[in-house]
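Okay, so here's the structure we're looking at.
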Amino acid sequence: MWYFYAPKTVYGEDAIDYLEELDEKRCFIITDEGIIKFGLIDILTNKLKKLEKEWNIFSEVEPDPREETILKAAKQCQEYKPDLIIALGGGSPMDVAKAVWVFYERPDLGIDDLYPFIKLKLGEKAKLVAIPTTSGTGAETTWASIITRKTDKGDIKLEQVHKEMIPTIAILDPVFVKSMPLKLTASTGFDAMAHLSECIVSLWKNEYSEAMALKAFELIQKYLPIVYKDGTDMEAREKLHIAANMAGLAFGNAQVHLGHALGHVLGATFHIPHGLTVGMFLPYVLQYILNDPNSDATKQILGTFAKRAGVAKWDDSDMNAAKKYVDEIKRLQKVVNLPSLNEMITRTQLDENVDQMAEWCLESPSAAMSPRGAGSQEFKKLFVHAFEQKDVDF
Ligand SMILES: [Fe+2]
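Put into structure tokens, the structure is as follows:
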């Protein structure tokens, strides 16, 4: 028996007006300082004011949010006693909000209790509304909360997952991405590209996810370069926003794997934005799984996907078609100036950290979903190949 999980999804111009439909009156908003500074919070609070709803704001979410931040927000939420929790921002505020929702409803639980096999019974005290202000993370639709924990050996990212943490409602209103800087548009767009590209070959791949991934690819391939050229093109902004959500639905129901394992570890070690890391690793990861000596399944799936997506011809062999897909990813990376690994860190930084990073990749739950396994040696070689921008030949 399989399920397809999704929040109620409201999208398009003025989607924010959906708040009128909700009877809840007391809102706890989780966001970050950038959202306050750039005035996006005002769009939300003006709407709440008009609807005569009350609100309280927690705006201390940092990039790569730490468990201490979640506990602080949860305490504030428990004191305020909302009937609506609203996450406004990119992946970080939404990830924090999911965990805060759990601890508000279940104060008996801690961060290490967030694993899939317990019943949470969320929704008795509040609904969770997620409003993304970037087009890429898909966090408004997934069941994961990525939380940074300090350890003796450096920072690690915990990948806490629970089906009940999927937000009740996702609101995709392009007004919130209208002014997104182009660099952020490129990196978050490539996060979405990594989601759809990894999930179609993951061990949990399924027809529903593949359908979502195909449409998401078509929209991102077309509209990401348009938005990157002209960020004021609202039609393109809206299409990209929807595409990122569809990629979120795709991977939320099928999972990502090696690219996200590598990306989370690199991001936690050097505090590099998530989309840059997973987007950069994508071609190397695809090449690695296509080189699987024990199975042709990935070649067949990715080759067929490339043909359906129009980046390969129907008479191409599976491997050639799959290679054309990898080439298309590389082309799009160049179009939006996505940096390579050697533009993010130095060789010395790589050499000093690569052994430890490879070990941490082994602990990533994402890695377990890969169609081709990887040990510490393979992870290490993937880091080195990405740094040297060499095609993966192993
Ligand atoms: Fe991601």
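Here the sequence shown is numbered in my numbering, starting from 383 and rising by one per residue. From the three backbone atoms N, C-alpha and C, an ideal C-beta is built for every residue, glycine too.
Compute the Euclidean distance between the alpha carbons of residue i and residue j, then round it to the nearest angstrom.
i      : j      : result
Lys407 : Glu434 : 8 angstroms
Lys332 : Pro498 : Since the first residue of the chain shown is 383 and the last is 776, residue 332 is not available in this structure.
Ala568 : Glu402 : 33 angstroms
Lys695 : Lys705 : 12 angstroms
Pro563 : Ala625 : 18 angstroms
Gln603 : Asp490 : 45 angstroms
Leu453 : Trp483 : 11 angstroms
Thr530 : Asp573 : 18 angstroms
Leu709 : Pro665 : Sequence inspection shows Asp at residue 709; the Leu mentioned does not correspond to that position. Asp709 and Pro665: Cα-Cα distance of roughly 8 angstroms.
Leu644 : Glu592 : 23 angstroms
Asp678 : Gly685 : 10 angstroms
Leu422 : Asp537 : 30 angstroms
Leu672 : Gly641 : 14 angstroms
Asp446 : Asp405 : 33 angstroms
Lys509 : Tyr605 : 32 angstroms
Glu444 : Glu450 : 11 angstroms
Lys621 : Thr516 : 13 angstroms
Asp534 : Arg690 : 48 angstroms
Asn676 : Leu566 : 38 angstroms
His577 : Met751 : 13 angstroms
Phe599 : Ile711 : 10 angstroms
Glu725 : Phe765 : 13 angstroms
Ala703 : Lys597 : 18 angstroms
Asp733 : Leu668 : 24 angstroms
Thr728 : Asp615 : 36 angstroms
Gly613 : Lys431 : 29 angstroms
Gln458 : Asn627 : 29 angstroms
Gln759 : Glu580 : 21 angstroms
Asp589 : Thr730 : Before going further, note that residue 589 is Glu rather than Asp in the sequence given. When rounded, the distance between both Cα atoms is 44 angstroms.
Ser441 : Lys560 : 21 angstroms
Glu415 : Asn438 : 14 angstroms
Ser746 : Gly757 : 12 angstroms
Phe420 : Leu470 : 13 angstroms
So residue i packs on residue j, CB below 8 angstroms; how close in whole Å?
i      : j      : result
Glu541 : His646 : 7 angstroms
Asp477 : Ala521 : 6 angstroms
Lys539 : Ala650 : 5 angstroms
Gly661 : Gln715 : 7 angstroms
Pro464 : Phe410 : 4 angstroms
Val583 : Ile683 : 5 angstroms
Glu395 : Pro556 : 6 angstroms
Thr570 : Gly657 : 5 angstroms
Tyr707 : Val693 : 6 angstroms
Ile412 : Ile467 : 7 angstroms
Ala632 : Ala595 : 4 angstroms
Phe761 : Cys743 : 4 angstroms
Asp700 : Lys681 : 4 angstroms
Tyr387 : Trp525 : 7 angstroms
Ile493 : Ala481 : 7 angstroms
Among the options, which one has its Cα closest to the Cα of residue i?
i      : options                        : result
Asn719 : Thr519, Lys611, Gly685, Ile671 : Lys611
Gly505 : Gln715, Lys545, Leu672         : Lys545
Gly755 : Thr533, Asp674, Thr614, Asp555 : Asp674
Ile528 : Pro514, Ala479, Asp709         : Ala479
Val638 : Lys681, Ile548, Ile417, Pro753 : Pro753
Asp399 : Phe386, Ile418, Thr427         : Thr427
Tyr385 : Glu760, Lys587, Lys762, Asp494 : Lys587
Phe663 : Ala632, Ile468, Arg690, Pro721 : Pro721
Lys763 : Phe599, Ala740, Leu496, Glu745 : Ala740
Asp737 : Leu723, Phe776, Val693, Leu648 : Leu648
Lys503 : Ser517, Tyr486, Gly518, Pro514 : Tyr486
Pro655 : Lys429, Ala388, Gly518         : Gly518
Thr391 : Leu744, Ile551, Asp534         : Ile551
Met575 : Ile553, Leu585, Val559, Pro607 : Pro607
His623 : Leu554, Lys597, Asp615, Cys581 : Leu554
Ala618 : Leu601, Asn627, Leu668         : Leu601
Gly472 : Tyr590, Val717, Phe558, Glu436 : Phe558
Leu496 : Val543, Gln731, Asp414         : Val543
Met547 : Phe776, Gln460, Pro389         : Pro389
Arg488 : Pro514, Leu470, Gln460, Ala469 : Gln460
Thr659 : Leu723, Arg713, Ala629         : Leu723
Ala397 : Leu585, Ala636, Lys429         : Lys429
Lys532 : Asp424, Arg448, Pro747, Val609 : Arg448
Pro514 : Ser748, Ala749, Asn735, Gly630 : Gly630
Val717 : Met383, Val609, Glu436, Asp424 : Val609
Ala749 : Gln771, Lys772, Leu585         : Leu585
Q | Runs of beta strand (DSSP E) wholly within the region 428 to 479 (minimum 3 residues, chain order) | A | 436 to 440, 466 to 471
Q: Can you check the region 395 to 430 for any beta strand (DSSP E) of at least 3 residues that lies completely inside it and give the ranges in chain order?
A: 408 to 412
Q) Unbroken alpha helix (DSSP H) runs of length 4 or more, entirely within the region 745 to 772: which are they? A) 758 to 770
Q. Which whole runs of the alpha helix (DSSP H) in the region 630 to 671 are 4 residues long or more, in chain order?
A. Counting whole runs of 4 or more residues, the region 630 to 671 contains the alpha helix (DSSP H) stretches 640 to 652.
**Q.** Ranges of the beta strand (DSSP E) found wholly within the region 565 to 616, counting only runs of at least 3
**A.** none
Q.
Suppose only complete runs of 3+ residues qualify. What are the beta strand (DSSP E) ranges in the region 491 to 565, listed by chain order?
A. 509 to 514, 526 to 533, 536 to 543, 551 to 554
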